[in-house]
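This report concerns only the one structure given below.
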Amino acid sequence: MIWLILYIALLFGIGFHHWLRHRGASLDGFVVYDRQAGGFSVGMSLVALAFGASSVFGLAGYAYQYNLNALWWTLSGAIFLVVLAYTFLDTVWRVKGYTIGDIIAQVFGDNIRLLVSAVLFLAWLMVLAGQIIAGGNILTQLLGSEPLGYALFTLIFAAYSLLVGQAGTVKTGFLQVTVMVAGLALLLTLSLAAPIGTEPRPPLNLRFGFDEAFTFSLFLGIFIPVGLSYLFGPDMYSRIFVARDIASARRGLLLASALIVAISLLIVFIGILAQDIVSVAQPDLTLQTLVNRFFSGPLADFVLVALLSLPLSGADILLITTGTLLGRDVIVHGLRVLGRAPDDAAQVWIIRGCMVLAAV
8 MIWLILYIAL LFGIGFHHWL RHRGASLDGF VVYDRQAGGF SVGMSLVALA FGASSVFGLA
68 GYAYQYNLNA LWWTLSGAIF LVVLAYTFLD TVWRVKGYTI GDIIAQVFGD NIRLLVSAVL
128 FLAWLMVLAG QIIAGGNILT QLLGSEPLGY ALFTLIFAAY SLLVGQAGTV KTGFLQVTVM
188 VAGLALLLTL SLAAPIGTEP RPPLNLRFGF DEAFTFSLFL GIFIPVGLSY LFGPDMYSRI
248 FVARDIASAR RGLLLASALI VAISLLIVFI GILAQDIVSV AQPDLTLQTL VNRFFSGPLA
308 DFVLVALLSL PLSGADILLI TTGTLLGRDV IVHGLRVLGR APDDAAQVWI IRGCMVLAAV
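Using my numbering, the first residue of the sequence shown is number 8, and each one after it goes up by one.
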C-alpha cells in the first residue's frame with residue numbers, strides 16, 4: 008500500500024505545483040499546455056499514451072500466442088509515427104488547433120467538424136472505458152474491493168486532470184513511463200531467472216514471420232487499423248498541439264517511435280518467457296499471472312503500482328481529449344450558432360464538465 012500512496016503523492020505533487028504557479032488556467036493552458044512542450048516531453052507523453060493498459064497487457068498475451076510476431080501490434084504504430092513526422096506534421100502543427108476537429112473544420116467546414124467530433128467522442132469514450140476497467144481491476148487486487156478499486160482509479164486520474172488539464176499529462180509522462188519500465192524490467196529479470204523444472208533452460212524459441220497462427224490476413228488486420236489510429240488518432244494529435252514548435256513535435260514523434268520499439272521488445276520477451284513458466288487461462292492475463300507467481304508483500308504492491316501506471320498513462324490524455332471534443336467542438340460550437348458564444352474561461356469550465364461526464 009505504501010507504494011500506491013507514494014505514487015499518488017508524486018502525481019498530485021506535480022499537479023499541485025503547476026496549479027500553484029498557474030492559477031486560473033486559460034483555454035490554451037488547460038487544453039494545449041500553452042503550446043510550450045519540448046521534444047522530450049512530447050515524446051514521453053506519446054509513449055505513456057501508446058502503452059495504455061490494452062497495449063501492454065494485450066502485447067504480452069499476443070507474445071504468449073504469436074512469439075515475436077506480437078511486435079506488429081505496436082511496431083505498426085511506431086512506423087506510422089515516423090510517417091507522420093515526415094509527411095503532414097508541419098501542416099497539422101501550423102493549424103495550432105485544440106483537437107483534430109480544427110483540422111477537419113479547415114477542410115470541410117464547421118458542420119462536418121460537429122459530426123466527426125461527436126462520433127470521435129463516442130468512440131474514444133469506449134477506449135477510456137477500457138482504461139478504467141483495467142485500472143480498476145488492478146486496484147481491486149490491491150484493495151480487495153471492486154467498487155473501491157474502480158472508484159479510486161477514476162478519482163485519481165480525473166482529479167489531477169481536472170485540476171491542471173494538459174499540464175498534468177505532459178509533466179507526469181516521464182514519471183509514468185519510468186515506473187512502467189522499472190516494473191517491466193523487474194518482471195523480465197525474474198522471468199529470465201525463474202526455474203522451469205530440473206532441466207536447464209532451453210534456448211528461446213524465437214519466431215518472426217508468417218506461419219499457420221500468424222497469417223498475412225491477420226498481419227493486415229493489425230498493421231493497417233493500428234497504424235491509422237496513430238496517424239489520425241485525436242489523442243495522438245493532442246500531443247502535437249502541445250509542442251512549442253514543429254521541430255519539438257518532430258523530435259517527440261521520433262523519440263516516441265524509438266522508445267515504443269524498445270519497450271515493446273521488453274514486453275514481448277516477458278510474454279515469450281512466460282510460456283515456460285506459467286499457464287494462463289486467457290493470454291491477456293499473462294502479466295498478472297506472472298506477478299502472482301513471483302511476488303508477495305510490498306514487492307508485489309510495487310509491481311502492481313507499476314502496472315497501474317499503464318492505464319493511468321493513457322486515461323488522463325483520453326479524458327482531456329474526449330472532454331475537449333464534446334465541450335469545445337460540439338457544445339461550444341452549438342452555443343456559437345445560437346449567438347451565445349462563451350469566452351475562453353467559460354470554455355474551460357464547459358470542458359471540465361464534459362470531462363466529469365466522460366469519467367462517470
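Ideal Cβ positions, reconstructed from N, Cα and C, are used throughout, including at glycine.
In this structure, the alpha-carbon of Asp117 lies about 10 Å from that of Val337. Relative to the Cα of Arg28, the nearest Cα in the group Asn144, Gly108, Ala174, Phe47 belongs to Ala174.
For Ser83, the enclosing alpha helix (DSSP H) stretches over residues 79 to 92. With fewer than 16 other Cβ atoms inside 10 Å of its own Cβ, Ala352 counts as exposed.
By the criterion of a C-beta distance shorter than 7 Å, Leu75 is surrounded in its chain by Leu213, Arg214, Phe215, Val275, once the five residues flanking it on both sides are discounted. Exclusion of the five residues before and after Ala189 leaves Ala313 as the residues of its chain whose Cβ lies within less than 7 Å of its Cβ.
Annotation: Pro202 to Ile284 spans about 8 Å, alpha carbon to alpha carbon.
Rounded to the nearest angstrom, the gap between the Cα atoms of Leu345 and Arg335 is 15 Å. In this structure, the beta-carbon distance from Val49 to Val249 falls below 8 Å. The alpha-carbon separation between Arg120 and Gly108 amounts to approximately 5 Å. Ala365 is positioned such that its CB atom lies closer than 8 Å to that of Leu326. Between Ser52 and Thr185, the CB-CB gap reaches or exceeds 8 Å. In the three-state scheme derived from DSSP, where H, G and I count as helix and E and B as strand, Ala44 is classed as strand. A Cβ-Cβ contact shorter than 8 Å links Met362 with Ala165. Secondary structure note for Asp323: its alpha helix (DSSP H) is the uninterrupted segment 304 to 331. Spatial neighbours of Ala92 in its own chain (CB-CB distance under 7 Å, excluding positions within 5 residues in sequence) are listed in chain order as Arg257, Leu260, Leu261. Gly142 sits close to Leu319, with the two beta carbons spaced by under 8 Å. The DSSP-derived three-state label of Ala288 is coil.
One thing to note: Gly45 has its Cβ no nearer than 8 Å to the Cβ of Ser245. In this structure, DSSP gives Ala250 an extended state, which the three-state scheme calls strand. Rounded to the nearest angstrom, the gap between the Cα atoms of Ala32 and Ile21 is 16 Å. The beta carbons of Leu170 and Trp26 sit closer together than 8 Å.
DSSP, reduced to helix, strand and coil, places Leu27 within a helical segment of the structure shown. DSSP places Glu219 outside both helix and strand once states are collapsed to three, so it counts as coil. Contact check for Thr147 against Gly156 passes: the beta carbons are separated by less than 8 Å. According to the DSSP assignment, Pro210 belongs to no alpha helix (DSSP H), since it is labelled neither H nor E.
Taking all protein chains in view, the Cβ of Lys103 is surrounded by fewer than 16 other Cβ atoms within 10 Å, so the residue is classified as exposed.
Taking the C-beta atoms as reference points, Asp252 is found no nearer than 8 Å to Leu11. Taken atom to atom, the span from the alpha-carbon of Arg300 to that of Gln72 is near 19 Å.
Taking the CA atoms as reference points, Gly228 sits about 22 Å from Val126. Cβ contact annotation for Leu96 (same chain, cutoff 8 Å, sequence separation greater than five): Ile247, Ile253, Ala256, Arg257, Leu260, in chain order.
DSSP places Asp35 inside the alpha helix (DSSP H), whose first and last residues are 34 to 39.
For the alpha helix (DSSP H) assignment, the uninterrupted runs of no fewer than 4 residues enclosed by the segment 97 to 132 are, from N- to C-terminal side, 107 to 115.
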